[in-house]
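Novice: Numbered per the numbering used here, the sequence shown spans residues 103 to 430. Backbone N, C-alpha and C fix where the C-beta goes; we use that ideal spot for every residue, glycine too. I am attaching a structure below and will ask some questions about it afterwards.
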Amino acid sequence: MSPLVIGHRGAPGYLPEHTRSSYELAIAQGVDALEPDVVATRDGVLVIRHENEISDTTDVADRAEFAHLKRTKQFAGHSMTGWFTEDFTWDELSTLRCRERLPRIRPLSATRDDSEPMLRLVDLLEIIGAAARPIGLVLEIKHAAYFQAIGLDLVPLLERDLAQAGWLDAGAPLIFESFEPTVLTTLRERGVPGTYIHLIEAEGSPVDLLVARGVDAPTYRDIVSPRGLDALVGSFDGVSLDKKLILVPNALGRITRPAPVVSEAQERGLRVFTWTARPENRFLSRQFRVGGDPARFGDYEGEWDLLRQAGLDGVFVDHADLGVAFFR
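Shown next, in the form of structure tokens:
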């Protein structure tokens, strides 16, 4: 059975991420589901951005009227300077225009800079609703603990938008995911229907658990150990792994087979996704790179074949057409 092919932020291999055109292209190229990231505005509107700091993906730094909103903030012990969604109203954010995150890697996409506005979650739900075939939603909840701490609890905002669009009806193809397990647990305890997937980084620990437990917080690698996977059963429906956890080099520095973590999770009844299958050299494991140009497509099919061998339940892709052609 082929894995779910998920348009990661739409089709950002070709068009700026999280734009209407990017999502519509992913649908046209045949993905099974779309993956937005959601953050909040000052007035409680859920907007679609990969993070709440927006200077890398919009024209905000060039907008003199918003210069006074530049801030330096602390996130999980790290300092970050820029413009943050929670300092804007939606009316203000709606005047901004989106830009390509990686112009040197994806210069063709960058030619579309400043041509499209940001989207709200409700806008994407309308796009999916207008599609000619069923499209799933893999909704990533970003920085939930941070937003809750500043008085912007994402849980009721999600319930509001999803309910208004009919996405809380039984049987809706809705998947929630987050690197922070607390928000997923809260949604499930509130009876919000859906599939719940714990996102897993290759390094570090969940921020919400670090805040709650300090040095006693488990690492992501603890969570996907056999004992950690046992603890997930009954609370979560699956895990979504950084592909580095699957593509692990052997003692000679070569990747010859997928790591056992996928089968170990599936043996416990957990679904396993991975992120992100991309063809450019910059994102490929070393042995699959071709030449020295980071923007050049390497032997992505060689890397992706190892992911296919792993028997995954879902794969996030940036180039929707390539992902659909390979993984189906």
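Does any heavy atom of the ligand ZN sit closer than 6 angstroms to the C-beta of Ser211?
Specialist: Only the bare structure without any ligand can be found here, which leaves the ligand ZN out of the picture.
Novice: Which residue marks the beginning of the alpha helix (DSSP H) containing Arg370, and which one marks its end?
Specialist: As a position in the sequence shown, residue 370 is number 268, starting the count at 1. First-last for Arg370: undefined, no H or E at that position.
Novice: Please state whether the Cβ-Cβ distance between Arg201 and Asp215 is less than 7 angstroms.
Specialist: By one-based count along the sequence shown, residue 201 stands at place 99. By one-based count along the sequence shown, residue 215 stands at place 113. Yes. Within cutoff.
Novice: Below 8 angstroms on the Cβ atoms is my contact criterion, and I expect Val141 with Lys244 to pass it. Report the Cβ-Cβ distance as a whole number of Å.
Specialist: To locate residue 141, count along the sequence shown from 1; it is residue 39. To locate residue 244, count along the sequence shown from 1; it is residue 142. Contact flag correct, Cβ pair sits at about 5 angstroms.
Novice: Taking the Cβ atom as the reference point for each residue, do Ala377 and Phe429 lie within a distance shorter than 7 angstroms?
Specialist: Taking the sequence shown and counting its residues from 1, one reaches residue 377 at position 275. Taking the sequence shown and counting its residues from 1, one reaches residue 429 at position 327. It should be pointed out that residue 377 corresponds to Trp in this sequence rather than to Ala. Contact flag unset, no.
Novice: Tell me, which residues are paired with Glu382 by DSSP?
Specialist: Stepping through the sequence shown from its first residue, residue 382 is reached at position 280. Beta-bridge pairing links Glu382 to Phe399.
Novice: Ile230: buried (16+ other C-beta within 10 angstroms of its C-beta) or exposed?
Specialist: Taking the sequence shown and counting its residues from 1, one reaches residue 230 at position 128. Buried, by the Cβ-count rule.
Novice: Taking the straight line between their C-alpha atoms, what separation do you get for Ile325 and Val364?
Specialist: As a first step, residue 325 is located in the sequence shown; it is residue number 223 there, counting from the start. As a first step, residue 364 is located in the sequence shown; it is residue number 262 there, counting from the start. Answer to the nearest angstrom: the Cα atoms are 13 angstroms apart.
Novice: Quick check on this structure: which residue in Ala169, Thr174 and Leu221 has the alpha carbon closest to the alpha carbon of Asp193?
Specialist: For the purposes of this step, residue 193 is taken as residue 91 along the sequence shown, with counting starting at 1. Closest option to Asp193, Cα to Cα, is Leu221.
Novice: Who pairs with Trp192 in a beta bridge, going by DSSP?
Specialist: For this step, residue 192 is matched to residue 90 along the sequence shown. Answer by DSSP bridge pairing: none, since Trp192 is not bridged.
Novice: Nearest to Leu276 by alpha carbon, out of Lys346, Pro283, Gly393 and Ile299?
Specialist: To locate residue 276, count along the sequence shown from 1; it is residue 174. When only C-alpha atoms are compared, the closest one is Ile299.
Novice: If contacts are defined as beta-carbon pairs under 8 angstroms, then Thr143 and Thr187 qualify, I think. What distance do you get, rounded to the angstrom?
Specialist: Start at 1 with the first residue of the sequence shown, and residue 143 comes out as number 41. Start at 1 with the first residue of the sequence shown, and residue 187 comes out as number 85. About 5 angstroms; that satisfies the 8 angstroms criterion.
Novice: So if DSSP puts Gly109 in a beta bridge, which residue, or which two residues, is it bridged to?
Specialist: Residue mapping note: residue 109 aligns to position 7 of the sequence shown, counting from 1. Answer by DSSP bridge pairing, in chain order: Leu136 and Val419.
Novice: His180 by DSSP, collapsed to three states: which one?
Specialist: Within the sequence shown, residue 180 is the residue found at index 78, counting from 1. Three-state result, His180: strand.
Novice: Check Gly425 in the structure and name its three-state DSSP category.
Specialist: Counting from one through the sequence shown, the residue named residue 425 turns up at place 323. In the structure shown, Gly425 sits in a helix (DSSP, three-state: H, G or I).
Novice: Is the Cβ-Cβ distance between Val374 and Gly340 less than 7 angstroms?
Specialist: The residue labelled residue 374 in the question sits at position 272 within the sequence shown. The residue labelled residue 340 in the question sits at position 238 within the sequence shown. The answer is yes: Cβ separation under 7 angstroms.
Novice: Among Arg151, Gln131, Ile129 and Ala130, which residue has its Cα nearest to the Cα of Pro138?
Specialist: As a position in the sequence shown, residue 138 is number 36, starting the count at 1. It is Arg151 whose Cα lies nearest to the Cα of Pro138.
Novice: Report the three-state DSSP secondary structure of Lys175 (helix, strand or coil).
Specialist: In the sequence shown, the residue the question calls residue 175 occupies position 73. Strand.
Novice: For the candidate residues Asp255, Pro258, Val309 and Pro295, whose alpha-carbon lies nearest to that of His180?
Specialist: Locating residue 180 in the sequence shown gives position 78, counting from the first residue. Cα-wise, what sits closest to His180 is Val309.
Novice: In this structure, how does DSSP classify Phe281 when only helix, strand and coil are distinguished?
Specialist: Along the sequence shown, read from residue 1 onward, the residue named residue 281 stands at position 179. Three-state result, Phe281: coil.
Novice: Have a look at the DSSP bridge pairing and note the partners of Pro219.
Specialist: Taking the first residue of the sequence shown as position 1, residue 219 is located at position 117. Pro219 is bridged to Arg199.
Novice: So who's on the other strand from Phe338, going by DSSP bridges?
Specialist: Stepping through the sequence shown from its first residue, residue 338 is reached at position 236. Phe338 is bridged to Val335.
Novice: Give me the Cβ distance between Ala233 and Ile129, rounded to the nearest whole Å; I'm assuming they're in contact under 8 angstroms.
Specialist: Taking the sequence shown and counting its residues from 1, the one referred to as residue 233 is at position 131. Taking the sequence shown and counting its residues from 1, the one referred to as residue 129 is at position 27. Ala233 to Ile129, Cβ: 5 angstroms. Contact.
Novice: So, helix, strand or coil for Gly231, using DSSP?
Specialist: Walking along the sequence shown from the start, residue 231 turns up at place 129. Helix, per DSSP.
Novice: With distances taken between CB atoms, is the gap from Gly296 to Phe278 smaller than 7 angstroms?
Specialist: The count along the sequence shown starts at 1 and reaches residue 296 at position 194. The count along the sequence shown starts at 1 and reaches residue 278 at position 176. Closer than 7 angstroms, so yes.
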